[in-house]
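These notes concern the structure reproduced below.
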Amino acid sequence: MKTDANWDAVIVGAGAGGAAAAYGLCQRGMSVLLLDAGPRFDPATDYPLTGSDWDTREFPKKAGSIGSVTFAPGQKLIGNEPLLASGSRGLGPLVTTGTRWMEKYHHVRGIGGSTLHFAGESHRIHPDAMKMKSRFGVAADWPIDYDELEPFYIRAEELIGVAGPPTQGARWRSRGFPLPPHPLSYAAQTLGRGAAALGLDWQANSRAALSLPWNGRRPCNYCGACNNGCPRGDKGSADVTFVAAALATGRCIVRPDSPVVRIEAGTGDRVAAVLVGHPDGSIERIRSPHLILACGAVETPRLLLASDGLANESGEVGRNFMDTLEVIVGALHPDPQHGRRGLPDDAICWDFNAPDAISGVIGGCRFYNASGENELKGLAAFALRAVPGWGRAHAQSVRRLWGHSLHVGAIGERLPNPNSRVDLDADKHDRFGTPLARISSWMDEPDIARLRFMAAKSCEFLAASGAEDIFESYSSWDWFGATHVFGTCRMGADPAISVVNADGRSHRWHNLWITDASVFPSSGGGEAPSLTIHALSLRTAERIGKDG
Amino acid sequence: MKRREFITLLGLLLLGGAAAQWRNLALFWRPRFNGHMAETVTAVTDLMFPGDGLPSATELGIHHHIIAMPDLQELMTDGVVWLDGRAVRQGAPDFLALDEVGKLAAVEAAFASKDNDARQFVQTLRFYAGLSYYAEPVIKAAFPYTGPPQPEGFADFRDPPQ
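Chains A and B supply the protein sequences, listed in that same order.
When we follow numbering that gives the first Met the number 0, the leftmost residue of the first sequence carries the number 0, and every step to the right adds one.
When we follow numbering that gives the first Met the number 0, the leftmost residue of the second sequence carries the number 0, and every step to the right adds one.
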């Protein structure tokens with residue numbers, strides 16, 4: 000089947016990057032076909048948060064919404080790392096094999112992509128974290144500065160309706176956040192007293208969740224279930240923001256359930272078309288005057304590598320993979336907190352976010368109130384994880400301690416290394432015969448040292464807040480469960496060591512662009528990536544088609 | 000087991016890797032999961048989640064879900080065999096014949112046991128039964144802030160819990 004192009008650009012992936020690129024192009028008067036491998040979600044019917052079984056559900060797994068990946072063997076765990084070993088008092092150690100557990104790449108395929116299940120943190124990257132090579136001698140520099148991204152951050156924040164505080168340290172702003180910050184939850188206030196005792200700043204997190212009505216959308220009612228999908232539409236996932244705005248221009252066509260299985264090279268310096276698989280196994284060829292890839296840092300390199308190594312002249316496609324470096328520590332407070340009330344991740348400490356903020360380790364991190372996300376798992380998860388034992392004593396303890404948990408989370412810089420990459424699995428294929436992506440993840444000592452700091456400081460945070468009885472701790476040291484992934488199609492000025500240029504365009508193929516976190520040369524010091532993806536995509540959309 | 004299978008197995012044992020094969024050999028003689036085992040699993044479930052003023056796990060029928068889980072039947076079989084064996088060593092015909100104190104001690108011993116089958120049995124039972132038990136609406140109703148997130152959300156999110 001062949002489809003003649005009657006659009007200016009084809010975008011593959013309708014998540015944070017693809018949706019923003021579609022909006023940016025449509026704003027410029029260009030017409031766009033927006034494809035996604037996954038389904039369309041209906042917030043009103045797909046996110047059932049009103050039933051009594053709400054806590055046994057996660058984000059819905061609709062047909063086609065989870066892509067398959069494979070993992071290279073996990074890293075052998077060396078040494079005794081009591082601060083980093085994942086496990087809980089009630090369930091014991093999570094990993095007993097001596098090898099890092101490669102559990103899952105958490106993502107969503109569908110219109111809105113992984114923003115459908117994100118908590119909605121809306122962060123700008125620290126300016127210094129974009130210059131890791133020249134300033135600190137590690138990773139790579141971004142070929143652009145924070146100053147160049149700032150206007151696009153503003154555009155993205157305005158469309159989404161980001162709610163945030165007046166200032167965020169080194170992240171200078173040309174205009175305030177469009178909406179005032181959300182009030183801190185009771186649990187966040189408790190942790191704030193701990194931060195104050197430690198002399199640390201603790202402020203409202205900037206959130207893609209409405210604190211006031213915005214663009215016809217209702218404000219948040221603080222149900223705390225952002226990760227399960229927002230039925231009210233106040234969370235600024237890409238489907239209700241950028242995709243909706245692109246559709247409103249009348250110049251965007253959205254096609255869910257349309258996996259691209261291959262890119263077809265054309266003559267000269269242009270790619271010609273994408274091949275889209277259909278449920279009956281047939282393949283549709285769609286011409287692409289401009290092709291924008293926005294499938295994320297795992298699927299974008301997979302698609303390029305599976306297309307005879309398209310755009311891989313440097314050999315860098317799939318390399319420099321960076322996953323989430325994370326610690327979460329939970330402790331019991333003497334007083335009830337019931338931290339699931341309010342926005343998850345509603346408060347944040349940026350004090351260690353700069354690349355040189357942690358003594359003796361390059362690369363920053365941030366701390367946040369993780370109480371809501373963890374209590375969201377419900378009473379059963381609490382009873383099993385926080386309270387050891389069984390029988391009457393267990394029942395009495397559960398009754399006494401329910402609601403007393405507080406969690407501090409930390410996310411940190413993840414430096415690239417030669418052993419962390421995405422390549423093609425030689426043995427596993429999808430139903431169209433395309434090899435699956437294989438994830439290899441390896442942590443070097445600086446990452447582990449950063450994790451140790453993050454874990455120790457999280458414990459200090461909790462203790463200073465009055466929650467000294469630690470009952471669980473989880474970390475990326477022994478558990479790969481990445482949500483934020485970066486770096487497999489690095490942007491750079493030098494075609495020998497990067498895949499796309501500063502505009503997001505392939506060095507080799509002049510109508511091929513990438514607008515997702517695969518272009519990040521460094522991960523940042525724990526910032527959630529979606530807003531930076533939006534901003535980069537809007538910036539790239541400004542350049543597409545300007546020179547043919 | 001057919002005679003040919005036994006001779007083959009014996010040959011493997013003699014030729015090497017004997018220790019590993021003992022486990023395989025034992026699998027052939029594992030008793031089938033039966034009514035006695037289901038009763039024992041029910042009793043252990045009740046000991047683990049007795050309610051203490053709320054309905055117990057068995058009053059809520061949690062044990063039916065557990066017993067019906069096909070993936071757990073081997074583990075439950077091994078676990079019951081271990082519990083019965085311990086009861087016999089204490090002079091009782093089986094676990095079910097023990098008084099409550101004896102049963103509690105046996106389950107406690109299983110949690111502390113170096114025997115993988117025994118320990119995994121009670122840990123797995125605690126996990127699945129506990130997950131189901133504390134997700135039951137009647138149990139959740141006895142705890143504050145366990146209702147669904149929507150449609151109300153939490154208007155009191157800034158305040159101390161009620």
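Cβ atoms here follow ideal geometry from the backbone N, Cα and C, with glycine treated the same way.
- Around A/Pro335, the beta-carbon contacts reaching into chain B at under 7 Å are Pro160.
- As computed with DSSP, A/Cys251 is found in a beta bridge with A/Val31.
- Against chain B, the CB of A/Trp389 has a partner CB under 8 Å away; the residue lies at that interface.
- Looking at the DSSP output, A/Ile327 sits in a beta bridge with A/Gly408 and A/Tyr473.
- A distance below 6 Å between beta-carbons, with the five flanking residues on each side excluded, links A/Thr487 to the following residues of its chain, in chain order: Ala296, Pro300, Gly317, Phe320, Val421 and Ser517.
- Taken through DSSP and simplified to helix, strand or coil, A/Phe479 comes out as strand.
- Around the Cβ of A/Trp508, a 10 Å sphere holds 16 or more other Cβ atoms; the residue is buried.
- A/Thr98 carries a strand assignment under DSSP once its states are collapsed to helix, strand and coil.
- Beta-bridge pairing by DSSP links A/Gly491 to no other residue.
- For B/Lys139, at least one C-beta of chain A is nearer than 8 Å to its own C-beta.
- Residues of the same chain with a CB within less than 6 Å of the CB of A/Ile124, apart from the 5 flanking positions on each side, are Gly523, Glu526 and Thr531 in chain order.
- Inclusion of A/Ala118 and A/Glu372 in the CB contact set at 8 Å is warranted, their separation being smaller than that value.
- Here the alpha carbons of B/Thr123 and B/Ala108 stand approximately 15 Å from one another.
- The count of Cβ pairs closer than 8 Å, one atom from the stretch 322-339 of chain A and one from the stretch 476-487 of chain A, reaches three, so the stretches are in contact.
- Beyond the five residues adjoining it in sequence on each side, B/Tyr132 comes within less than 8 Å, by CB distance, of Phe48, Ala56, Leu59, Ile61 and Ile138 in the same chain, given in chain order.
- Excluding five sequence positions before and after A/Val253, the CB atoms of its chain that fall closer than 7 Å to its own CB belong to Ala13, Leu33, Ile110, Val242 and Leu246, given in chain order.
- For a Cβ distance threshold of 8 Å, nothing in chain B lies close to A/Arg216: the least Cβ distance comes to about 15 Å.
- Per the coordinates, the alpha-carbon of A/Ser440 lies some 8 Å from the alpha-carbon of A/Gln74.
- The straight-line gap separating the alpha-carbon atoms of A/Ser30 and A/Ser287 is approximately 11 Å.
- B/Gly78 is outside the set of residues whose beta carbon lies under 8 Å from a beta carbon in chain A.
- Taking the C-beta atoms as reference points, A/Ser313 is found no nearer than 8 Å to A/Val68.
- Proximity of B/Leu46 to chain A, defined by a Cβ-Cβ separation below 8 Å, is satisfied.
- Chain order gives no chain B residues near A/Asn311, where near means a beta carbon separation below 7 Å; the closest approach is about 43 Å.
- A/Ile282 is classed as exposed because its beta carbon has fewer than 16 other beta carbons within 10 Å across all chains shown.
- In the three-state reduction of the DSSP assignment, A/Ala203 falls in the strand class.
- Contact annotation: A/Asp200 and A/Asp350 have beta-carbon atoms nearer than 8 Å.
- Annotation for B/Trp81: the continuous alpha helix (DSSP H) segment containing it runs Gln72 to Arg88.
- Residue contact check for B/Leu71 against chain A: no CB pair falls below 8 Å.
- DSSP lists no beta-bridge partner residue for A/Ile153.
- Boundaries cannot be given for A/Ser287, as no beta strand (DSSP E) includes it and DSSP labels it neither H nor E.
- Annotated three-state conformation of B/Ile61 is helix, per DSSP.
- Taking a C-beta distance under 8 Å as the contact criterion, A/Ile357 and A/Cys348 do not qualify as a contact pair.
- Using a CB distance cut-off of 8 Å, B/Gln149 counts as an interface residue toward chain A.
- In terms of CA proximity to A/Ala138, A/Glu412 leads the group A/His337, A/Glu412 and A/Gly432.
- Considering only beta carbons, the part of the stretch 45-58 of chain A lying closer than 8 Å to chain B consists of Leu48, Thr49, Gly50, Ser51, Asp52, Trp53, Asp54 and Thr55, in chain order.
- Secondary structure of B/Pro54 (DSSP, three-state): coil.
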